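K.L.:
So that we are looking at the same thing, I have put the structure below in structure tokens.
Residue numbers (my numbering): 528 to 880.
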């Protein structure tokens, strides 16, 4: 508007002797012979042209650039759309030339979600669909010692197979029962499902088992402990657990897993996952069996890494390795305690599929 107003003079040319610069003459001189001219000229007759006022046009306002060029609203909109289409085209070309990952900022992985190793080859598995626990000892030597593993009970504990409606898969699951009653003569009770064939052959293996805890339990012995999985090392004179996956309780009573290193008398805790009650959940482990302090263990719960410890001794220098799934304690509340196990597996070269 300022540019238009500066070109007009509202003084009477008759009193100044200057050329006529009235609004009518200015508009008429600027617009000649077009429909726009006729509309602009018609405005002179219809608009309020009193002293000090700018002509009011009936058409929509025009946009005036700094260099004095006039653009209609339609022209501005079309120009905007053209620029928008150009920008979209450039974006698509860049996207094809440079993958989006190049422009995306790197993000750190959240705790407990380290990248997963590839899937491995299943060496052994037990789904209890045979209706018994025979899969834990295969291959059997007729009339002789079990070659692959076995079931071992101590104190007031038993292992059996139940036909349960809540089996993780199929119709059967292993039922591990313990009455952790300290009678003095039997301070501990436990049942253990063992495999030693694969751990004796391979120093690095992946282990997988599904658990079901029907309710919350609290280890309340002195000291309190509850062992549900372990790796033992056997040599000529002794057979001892080296590492145990134990169950503890948080301040609010929730159950959780921690790793107990018996050889070093040290526990490794975690705050990532609790143990769910009344539902199946998966526990996986990587175990590097080593007689020197270069062993490595990793645990996942439902696919989330919860424990990872390296540079540790995981067997006797002159011993072997064996793995078991257990229900084993000195005292539990409530007592007795029953947990269920299904779809166990041992795999080579990566996590069990």
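Idealized CB from N, CA, C, for every residue including glycine. If you're wondering where the values come from, they're calculated on a predicted model, not measured in any experiment.
(1) Quick check on residue 695: buried or exposed, where buried means 16 or more other Cβ atoms within 10 Å of its Cβ?
(2) Beta-carbon within less than 6 Å of residue 687's beta-carbon, same chain only, minus the 5 sequence neighbours each way: which residues are those?
(3) Measure the alpha-carbon distance for residue 833 versus residue 782 and round it to whole angstroms.
(4) In or out: residue 756 buried (at least 16 other Cβ within 10 Å) or exposed?
(5) Does DSSP put residue 612 in a helix, a strand or coil?
(6) Using a Cβ-Cβ cut-off of 6 Å (strictly less than) and excluding sequence neighbours within five positions of residue 836, which residues of its own chain qualify?
(7) Are residue 654 and residue 788 close, meaning C-beta to C-beta below 9 Å?
(8) Looking at C-alpha atoms only, which residue of 667, 847, 664, 706 is the closest neighbour of residue 681?
(9) Please classify residue 746 as buried or exposed, where buried requires at least 16 neighbouring CB atoms within 10 angstroms.
(10) Measuring CB to CB, does residue 719 end up less than 9 Å from residue 853?
(11) Hey, how far is the Cα of residue 807 from the Cα of residue 741?
(12) Considering only residues of the region 659 to 699, which uninterrupted alpha helix (DSSP H) runs meet the minimum length of 4 residues and lie entirely inside it, listed in chain order?
(13) Since residue 739 and residue 866 should fall inside the 8 Å C-beta cutoff, what is the C-beta to C-beta distance between them, to a whole number of angstroms?
(14) When we look at the beta-carbon of residue 778 and count the other beta-carbons within 10 Å, is it buried (16 or more) or exposed?
(15) According to DSSP, is residue 720 helix, strand or coil?
(16) Taking the straight line between their C-alpha atoms, what separation do you get for residue 812 and residue 711?
(17) Does the beta carbon of residue 844 come closer than 9 Å to any beta carbon on chain C?
(18) Give the range of the beta strand (DSSP E) segment to which residue 838 is assigned.
(19) Under three-state DSSP, which class holds residue 819?
(20) With C-beta atoms as the reference, is residue 851 less than 9 Å away from residue 679?
(21) Measuring CA to CA, which of 800, 650, 660 is closest to residue 774?
(22) Rank 785, 737, 684, 729 by C-alpha distance to the C-alpha of residue 805 and give the top, closest one.
(23) For residue 838, which residues from the same chain have a beta carbon less than 8 Å from its beta carbon, with the 5 sequence-adjacent residues on both sides left out?
(24) Under 7 Å Cβ to Cβ from residue 674, same chain only, skipping five residues before and after it: list those, please.
(25) Is it right to say residue 603 is buried, meaning 16 or more other beta carbons lie within 10 angstroms of its own, or is it exposed?
(26) Going by the DSSP bridge assignment, what does residue 866 pair with across the sheet?
(27) Look up residue 759 in the DSSP assignment and give the residues it is bridged to.
(28) Of the choices 749, 684, 699, whose alpha-carbon is the least far from that of residue 691?
(29) Given this structure, state the Cα-to-Cα distance separating residue 814 from residue 663, to the nearest angstrom.
(30) Can you tell me which of the three DSSP states residue 708 falls into?
(31) The beta strand (DSSP E) that contains residue 654, what's its start and end?
(32) Which value, in whole angstroms, describes the spacing of the CA atoms of residue 753 and residue 864?
P.N.:
Reading off the structure:
(1) For the purposes of this step, residue 695 is taken as residue 168 along the chain shown, with counting starting at 1. Buried, since its Cβ has 16 or more Cβ neighbours within 10 Å.
(2) One-based indexing of the chain shown puts residue 687 at position 160. Same-chain partners within the cutoff: 702.
(3) As a working note, residue 833 is residue 306 in the chain shown. As a working note, residue 782 is residue 255 in the chain shown. In a straight line, the C-alpha of residue 833 is about 14 Å away from that of residue 782.
(4) Against the chain shown, residue 756 aligns to sequence position 229. Note on residue 756: 16 or more other CB atoms within 10 angstroms of its CB, so buried under the neighbour-count rule.
(5) Within the chain shown, the letter at position 85 stands for residue 612. Helix, per DSSP.
(6) In the chain shown, the residue the question calls residue 836 occupies position 309. Once the five neighbours on either side are set aside, the close Cβ partners of residue 836 are 795, 824.
(7) Here residue 654 corresponds to residue number 127 of the chain shown, with the count starting at 1. Here residue 788 corresponds to residue number 261 of the chain shown, with the count starting at 1. In this structure, residue 788 does not lie closer than 9 Å to residue 654 by Cβ.
(8) Here the question's residue 681 lines up with position 154 in the chain shown. It is 706.
(9) Here residue 746 is taken as the residue at index 219 of the chain shown, counted from 1. Buried is the call here.
(10) For the purposes of this step, residue 719 is taken as residue 192 along the chain shown, with counting starting at 1. For the purposes of this step, residue 853 is taken as residue 326 along the chain shown, with counting starting at 1. Less than 9 Å separates the beta-carbon of residue 719 from that of residue 853.
(11) Sequence index remark: in the chain shown, residue 807 carries index 280 (1-based). Sequence index remark: in the chain shown, residue 741 carries index 214 (1-based). Distance between the alpha carbons of residue 807 and residue 741 is about 9 Å.
(12) none
(13) Start at 1 with the first residue of the chain shown, and residue 739 comes out as number 212. Start at 1 with the first residue of the chain shown, and residue 866 comes out as number 339. Confirmed, about 7 Å.
(14) Translated into the one-based positions of the chain shown, residue 778 becomes position 251. Classification for residue 778: exposed.
(15) On the chain shown, residue 720 is found 193 positions in, with the first residue counted as 1. Strand, per DSSP.
(16) Residue mapping note: residue 812 aligns to position 285 of the chain shown, counting from 1. Residue mapping note: residue 711 aligns to position 184 of the chain shown, counting from 1. For residue 812 and residue 711, the distance between alpha carbons rounds to 35 Å.
(17) Among the chains in the structure shown there is no chain C, since it carries only a single protein chain.
(18) Against the chain shown, residue 838 aligns to sequence position 311. Element bounds for residue 838: 831 to 839.
(19) Residue 819 sits at position 292 when you count from the first residue of the chain shown. In this structure, residue 819 counts as coil in the three-state DSSP scheme.
(20) In the chain shown, the residue the question calls residue 851 occupies position 324. In the chain shown, the residue the question calls residue 679 occupies position 152. For residue 851 and residue 679, yes; Cβs fall inside 9 Å.
(21) Counting from 1 along the chain shown, the entry for residue 774 is found at position 247. Here the closest residue by C-alpha is 800.
(22) If you number the chain shown from 1, residue 805 lands on position 278. Ranking the options by Cα distance to residue 805, first place goes to 737.
(23) Indexing the chain shown from 1 puts residue 838 at position 311. Cβ within range, chain order: 820, 821, 822, 823.
(24) As a first step, residue 674 must be located in the chain shown, where it is residue number 147. Same-chain partners within the cutoff: 666, 667, 668, 724.
(25) Against the chain shown, residue 603 aligns to sequence position 76. Residue 603 should be labelled exposed.
(26) For the purposes of this step, residue 866 is taken as the residue at position 339 of the chain shown. Here residue 866 is bridged, per DSSP, to 703.
(27) Within the chain shown, the letter at position 232 stands for residue 759. Paired residue(s): 768, 849.
(28) Here residue 691 refers to the residue found at position 164 of the chain shown. Checked all of 749, 684, 699; the closest Cα to residue 691 is 699.
(29) Residue numbering aside, residue 814 sits at position 287 when the chain shown is read from its first letter. Residue numbering aside, residue 663 sits at position 136 when the chain shown is read from its first letter. For residue 814 and residue 663, the distance between alpha carbons rounds to 19 Å.
(30) Position 181 of the chain shown holds residue 708. Coil, per DSSP.
(31) In the chain shown, residue 654 corresponds to position 127, counting from 1. Per DSSP, residue 654 is not a residue of any beta strand (DSSP E), being assigned neither H nor E.
(32) Taking the chain shown and counting its residues from 1, one reaches residue 753 at position 226. Taking the chain shown and counting its residues from 1, one reaches residue 864 at position 337. Roughly 11 Å between the two C-alpha positions.
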